[in-house]
Amino acid sequence: MAFASFSDFIAMGGYSFYVWLAYGISLLSVVFLVINTVSKRKKIFSQVEQRLLREQRIKAAENKEGIL
Amino acid sequence: MLQCKNLTCVREERILFNNLSFTLSAGEILHVEGPNGVGKTSLFRLLVGLSSPYAGEINWQQQSIMSDRESYYKTMLYIGHKSGIKPELTALENLQFYHDLYNPKVEFDAWEVLMLVGLVGYENVPTAQLSAGQQRRVALARMWFSDCKLWILDEPFTAIDKKGVKVIEDLLIQHAKKGGMVVLTTHQDLSIPTEFYKKLILHKPTTGEQYV
Amino acid sequence: MLQCKNLTCVREERILFNNLSFTLSAGEILHVEGPNGVGKTSLFRLLVGLSSPYAGEINWQQQSIMSDRESYYKTMLYIGHKSGIKPELTALENLQFYHDLYNPKVEFDAWEVLMLVGLVGYENVPTAQLSAGQQRRVALARMWFSDCKLWILDEPFTAIDKKGVKVIEDLLIQHAKKGGMVVLTTHQDLSIPTEFYKKLILHKPTTGEQYV
Amino acid sequence: MWKWLHPYAKAEKSYILSGKLMPWFLALALPTFIVGMVWGLAFAPADYQQGDSFRIIYIHVPAAMMAMGAYSTMAIAAFIGLVWQIRLAEMTVAATAPIGAVYTFIALFTGAAWGKPMWGAWWVWDARLTSELILLFVYLGIIALYNAFSDKVLAGRAASILTLVGVINLPIIHFSVVWWNTLHQGATITKFDKPSMATEMLIPLLIMIVSFAAFLGFMVLYRFRNEILQRESHRPWVIALVKSSSSNDSQGA
Amino acid sequence: MFNAFIQVVRKELLGAFRQQSDILNPIWFFVIVVTLFPLGIGTDPALLARIAPGIIWVAALLAALLSFERLFKDDYIDGSLEQLMLAPHPLTWLVSAKIFAHWLLTGLPILLVSPLLAVFLSLEVNTFWALFLTLLIGTPILSLLGAIGVALTIGLRKGGVLLSLIMLPLSIPILIFSTMAIDAATYGQSYLGLLALLAAMLVAAVTLAPFAIAASLRVSVS
Amino acid sequence: MFNAFIQVVRKELLGAFRQQSDILNPIWFFVIVVTLFPLGIGTDPALLARIAPGIIWVAALLAALLSFERLFKDDYIDGSLEQLMLAPHPLTWLVSAKIFAHWLLTGLPILLVSPLLAVFLSLEVNTFWALFLTLLIGTPILSLLGAIGVALTIGLRKGGVLLSLIMLPLSIPILIFSTMAIDAATYGQSYLGLLALLAAMLVAAVTLAPFAIAASLRVSVS
Ligand code: HEM
Ligand SMILES: Nc1ncnc2c1ncn2[C@@H]1O[C@H](COP(=O)(O)OP(=O)(O)OP(=O)(O)O)[C@@H](O)[C@H]1O
Ligand SMILES: Nc1ncnc2c1ncn2[C@@H]1O[C@H](COP(=O)(O)OP(=O)(O)OP(=O)(O)O)[C@@H](O)[C@H]1O
Ligand SMILES: [Mg+2]
Ligand SMILES: [Mg+2]
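In order, the protein sequence lines correspond to chains A, B, C, D, E and F. No gaps in the numbering here: position 17 of the first sequence is 16 in numbering that gives the first Met the number 0, and each next residue is one more. No gaps in the numbering here: position 82 of the second sequence is 81 in numbering that gives the first Met the number 0, and each next residue is one more. No gaps in the numbering here: position 119 of the third sequence is 118 in numbering that gives the first Met the number 0, and each next residue is one more. No gaps in the numbering here: position 185 of the fourth sequence is 184 in numbering that gives the first Met the number 0, and each next residue is one more. No gaps in the numbering here: position 13 of the fifth sequence is 12 in numbering that gives the first Met the number 0, and each next residue is one more. No gaps in the numbering here: position 155 of the sixth sequence is 154 in numbering that gives the first Met the number 0, and each next residue is one more.
The structure is reproduced here in structure tokens:
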């Protein structure tokens, strides 16, 4: 253990702002990346679902009259 | 009532037509005909006030169209060679915009209209990704929710398939029956019964008329 | 001989057509028909090698068209929705360029050709200042001095007046009689005698074919 | 050499295979991350010159290294994709770029946060910094280009071409920046003389590097699967997958 | 009428957000130009800080310039502009909406990203504030002036460089007043007077430019 | 095949000369940007002379950037590009012709006008020659690299700013080597090595870029 106490650990020898800023932003960007990736997967799924719905709509409209 | 008196159109020092006069009353369809380059599009741009004639005047309800543009545009729908559809927006968004800005008082369901013009299933695709005919349909869809009396359509049937042409013709007849007016050009034969429309045939100016 | 085997076209994860096969031999005209958005333009872009099929192959004289593009392009003329005409150049200059780059071996007189497509008097006007139909004529003029065997024409009659359509149809027949081949789409009825051409009708994929 | 890959050149099989590999990468990335970080932050001794600020190194250097690593992956994949026309390789390019960009951003940001206490400025136009910044631009360009195409097959090919062009360009940038910088002002960063590192500092660094690499692998696989799903979404197996997942959802709810 | 304004702005923003990259693009361009200068000129922080305001302003000008094309050109090509001119609302008003949207998409991002650039170019806090305020007042003027230029050149093919030719001289006064204000801030003097001057120019531009633009459009699209 | 090259160049030049302003435009733009800087930065001659090469190079870069759009975009919109890709000649070759014409229309004018700018910015003779030579070798590289970017973004709506994002990192090495050479000239050192390096890059670009461009076009136009 390089630090005597927990508050020492937080203080980071006077560099706390920079060290925790660096770690914090890094963590945030990784979290952002993960969220982006997972939500992408969900988006693709819902896109496919939407397309299936759309195909149903097309079929329903196929034999109507007076449609351009 | 749309009234043109002694219109003369000059483009780049070339006279396109000279002393053209005609009147269009409620319930009439006017089919402007003529070979390529005779000046149909130029005439239409005069009629909607995008350019101004070399001589002559254009009146809408007895008033020059330039004198009160806004109230003229409230009753006039123009669909030209270029469609005026934003390619990055979907068909739905495009129609919604045209409705809200041009005919906000008409009740309308964009989905319904898109179904009527045969774009079911393409509502949420950016229009850039539609085929030539489908893009044209988005532009023409405005006719389905327009409360304008006067429609000015420059080659509306371009890229539209046969079934589509039939449907549009029916719509035009219906519009005329409700007291609307239509001015259109097309190089195809109209299959509208002849009593419903009259023709205006543009000719190239003869040698004598070429200069005024 | 143009031969398509089991073509499948997918655009944006949507199947347009599936397992399309056909053959075109010398002297034949093929009219590709189908409603808007069925995939005619997409098919043509496959045929000319601008995009590549999801599956299947296209052969010209028993060779894949991609294997030797240049020699294929020596015998192929494509005129698409977009005309490929430079608006700031005159009709004359545009034709001269197309001649020199594409068919340099054909003897040709640009003035003569422009007369044939009805642009006398407009030879030295920048094409931007021509009407829609006149611009289209400049693009189509390439057919008059092309020594290519295979013509691929996507809606050539757009914006062309009736007399013009007739002249072009005659030209197509003549080309076929000389052993040429034509693939074209148009939403208008051809007035070519039916023995001169065959039809390929594209349909929307049925539910079973929608996914591969 | 690519023979072993061939059976998996089909999208569905690649999807399944990468799904099987993913947990292993995660299983490597998470423990190493926790161990490396705790060790580096709390147990490694402070630097005799830089004090505790040097602890930034445990993310800075792995991120910087893996930013390069990601680009190499992309370059190889782009080359394979373009030369042998393998679409899966083009998907790999697209899948990797955002991760590389995030790593590059982390390297830049942590570097800046380190530079402020060490050099007294958040940013100086030093050779290394500049080329890292440009690497970020290159990444962003690739991502933006990929996203701008709506047809993902074309998008993948365009991104691959740009990646390859970037490969030729990156060494040139590297050297040009180094020479340019040394000509003007060689002495800006003398404060940053690399101390030969003590082992108890080095080991957590190595652990962190392994962790970042494993996480890179995990994310690439995840995004790669996304790409496959997107592009194959007209195929029956994807539809079946979607249907089964949505029915699972409705059962769960 | 206010509704029409909203509709037009909404459509513009929608189009831009559809292409997500479109919103970020001006920022990126701006950042890249600003990073080019240290590479071209040298990395001495004192020198950089000295010329930084000038560089940032010129970069803003160029970013605006590059994006002007899209202000009306796309609309002209696809026929939307024609239709806008046929809408039952005053053209000046619709045009103002378009310009406002343009500023939201180009001027605002530049404002938001300027703190970052201040760090890159080692700017003082005081100088930065002056820079920020001048950008805040100046970029809308740029959008308005640029729109006049675009409206005049729209009917011409390849008006792009002609546009810059027309527009740059118009924007020189803004550039000069802004850099004067920033210089004053750097030397600790008051720059309120200069800001007021800029603000007056903004007011004049907002009231007059739409008329000039509408008139130019009527000439260009005919 | 050589004939095809000539034909394409001829057509491009013809189009540009038809719009006479098109030939002058890049020059004007260049001149205006260069004059903006003294306005933005201040008129101290020593300072100006110090940053002049950087400014001129950045201006050249931006002038090139502004004109790239026209390299393929117009052709894409009106369908000429499609037709060019269907010509019975190697696409790399036709593309090279287009780029050569582009350089004639943008790079060359900048070269011609550079003596004037040297006077504006109080450059030494020695420095000027270095500037001239680097521009001579560097601007064709810019045209080639820019063409890659254009070819990649051509099918996209509003690729303009995306293009700059792609292109600027590519052109940074040229900028750096050129300003290094100019600096060396200013301090009386030999800059032949750097010129040779630039020349090597030109050779590499001339041989490789057309392939990248042709491949990109096949992707974009499909
Ligand atoms: C924004 C600023 C910075 C950037 C962009 C940056 C970038 C980089 C890069 C690209 C590497 C190479 C990693 C590799 O070997 O693959 C690196 C390594 C390193 N950086 Fe930074 N750095 C920055 C600031 C700093 C600062 C301020 C320090 C410390 C005072 C620092 C210390 C180190 C160390 C110790 C290494 C490992 C060197 C080695 O083992 O080769 N960096 N950095
Ligand atoms: N650029 C594109 N990107 C994505 N999808 C497209 C694109 N162009 C067309 N499509 C889709 O491909 C389908 C077929 O389009 P295509 O242009 O081939 O039709 P077409 O048969 O030529 O129709 P038309 O008669 O209207 O010209 C359309 O449903 C359209 O949604
Ligand atoms: N922008 C323009 N500038 C100058 N002259 C033009 C312009 N547009 C058209 N013209 C000229 O005006 C004449 C008429 O053009 P117009 O577009 O009105 O014809 P049109 O009857 O609509 O033909 P089409 O059936 O081909 O659409 C043409 O001969 C053309 O030369
Ligand atoms: Mg017309
Ligand atoms: Mg079509």
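The beta-carbon is built from N, C-alpha and C at its ideal position, and this holds for glycine as well.
key: Nearest-angstrom Cα separation, counted from Leu201 (chain B) out to Phe4 (chain E)   = 40 Å
task = Report yes if the CB atom of Leu143 (chain E) is closer than 8 Å to the CB atom of Leu110 (chain E), and no otherwise.
result = no
message = Can you tell me whether Asp51 (chain D) is buried or exposed? The criterion is at least 16 other CB atoms within 10 Å of its CB, across all chains shown.
response = buried
Ala131 (chain B) CB to nearest heavy atom of ligand 5 below 7 Å = yes
request  = Would you mind stating whether Glu87 (chain B) and Ala140 (chain B) have Cβ atoms separated by less than 8 Å?
outcome  = no
inquiry  = Can you pull the chain C neighbours of Thr40 (chain B), defined as C-beta to C-beta under 7 Å?
reply    = Ser130, Ala131
request  = Mind checking which residues open and close the beta strand (DSSP E) that includes Ile24 (chain A)?
outcome  = Element bounds for Ile24 (chain A): not the beta strand (DSSP E) but the alpha helix (DSSP H), 15–60.
Asp160 (chain C) Cβ short of 7 Å to ligand 3 heavy atom set = yes
ask   = What's the C-alpha gap between Ala63 (chain E) and Pro108 (chain E)?
value = 11 Å
request  = Say yes only if the C-beta of Tyr121 (chain B) is nearer than 7 Å to one or more non-hydrogen atoms of ligand 2, and no if none qualify.
outcome  = yes
ask   = Can you find a heavy atom of ligand 2 that lies under 7 Å from the Cβ of Asp150 (chain D)?
value = yes
message = Would Val112 (chain F) and Val32 (chain F) qualify as a contact pair, given that the criterion is a beta-carbon distance under 8 Å?
response = no
inquiry  = Can you determine whether any heavy atom of ligand 4 sits closer than 7 Å to the C-beta of Thr40 (chain B), and answer yes or no?
reply    = yes
request  = Kindly say whether Arg224 (chain D), judged by its beta-carbon, lies nearer than 8 Å to any beta-carbon of chain C.
outcome  = no
request  = Quick one: grab the DSSP three-state call for Val213 (chain C).
outcome  = In this structure chain C extends from 0 to 211, so residue 213 (chain C) is not present and cannot be described.
ask   = In angstroms, rounded to a whole number, what distance separates the CA positions of Phe68 (chain A) and Val101 (chain D)?
value = The question about residue 68 (chain A) has no answer here: the residues shown for chain A are numbered 0 through 67.
query = Apart from the five residues on each side of it in sequence, which residues of its chain come closer than 7 Å, Cβ to Cβ, to Ser256 (chain F)?
reply = Nothing about residue 256 (chain F) can be read from this structure; chain F reaches only from 0 to 221.
message = Which residue wins for smallest C-alpha separation from Leu220 (chain D), given the options D:Thr72, D:Asp125, D:Ala111?
response = D:Thr72
key: Cβ-based contacts, 8 Å cut-off: residues of the stretch 38–57 of chain E near chain F   = Leu38, Gly39, Ile40, Gly41, Leu46, Arg49, Ile50, Pro52, Gly53, Ile54, Trp56, Val57
query = What's the gap between the Cα of Val94 (chain F) and the Cα of Ala146 (chain F)?
reply = 9 Å
key: Integer Cβ distance of Ile167 (chain C) from Phe43 (chain C), believed to fall under 8 Å   = That belief does not hold up - the Cβ atoms of Ile167 (chain C) and Phe43 (chain C) are roughly 17 Å apart, past 8 Å.
inquiry  = For Gly55 (chain C), tell me which candidate among C:Ile159, C:Lys39, C:Cys8 has the shortest Cα-Cα distance.
reply    = C:Cys8
query = Arg136 (chain C) touches chain D at which residues, Cβ-Cβ below 9 Å?
reply = The contacting residues do not exist; Arg136 (chain C) stays about 33 Å from chain D at best.
ask   = What are the start and end residues of each continuous alpha helix (DSSP H) run of 4 or more residues lying completely inside the stretch 5–83 of chain D, in chain order?
value = 10–37, 56–83
ask   = Taking Cβ positions only, does Ala211 (chain F) come closer than 8 Å to chain C?
value = no
query = Is it right to say Phe99 (chain F) is buried, meaning 16 or more other beta carbons lie within 10 angstroms of its own, or is it exposed?
reply = buried
query = Can you tell me whether DSSP reads Pro194 (chain D) as helix, strand or coil?
reply = Interpretation of Pro194 (chain D) is limited by its pLDDT of 49, a score under 50 that renders its predicted location unreliable; the figure taken from the coordinates is listed afterwards. The answer is coil: DSSP assigns Pro194 (chain D) none of H, G, I, E or B.
ask   = Can you list the residues of chain C that Arg230 (chain D) reaches, using a CB-CB cut of under 8 Å?
value = Glu12
ask   = What residues are listed by DSSP as bridge partners for Tyr72 (chain C)?
value = DSSP, once it has assigned bridges, lists no residue as partnering Tyr72 (chain C).
query = Does any C-beta atom of chain F lie closer than 8 Å to the C-beta of Ser66 (chain E)?
reply = yes
query = Taking the DSSP output, what are the residues bridged to Pro116 (chain D)?
reply = Paired residues: none, contrary to the question.
query = Which same chain residues, not among the five before or five after Asn62 (chain A), have their C-beta less than 7 Å away from its C-beta?
reply = none
query = So, does the CB of Ala186 (chain D) fall closer than 8 Å to a CB anywhere in chain E?
reply = In this prediction, Ala186 (chain D) has a pLDDT of 38, which is less than 50 and means its spatial position is unreliable; nothing more can be read from the coordinates.
query = Residues of chain D with CB under 7 Å from Phe176 (chain F), in chain order?
reply = Ser175
request  = Could you tell me which residues DSSP puts in a beta bridge with Phe16 (chain B)?
outcome  = B:Cys8
inquiry  = Tell me whether Leu15 (chain C), by its Cβ, gets closer than 7 Å to a heavy atom of ligand 2.
reply    = yes
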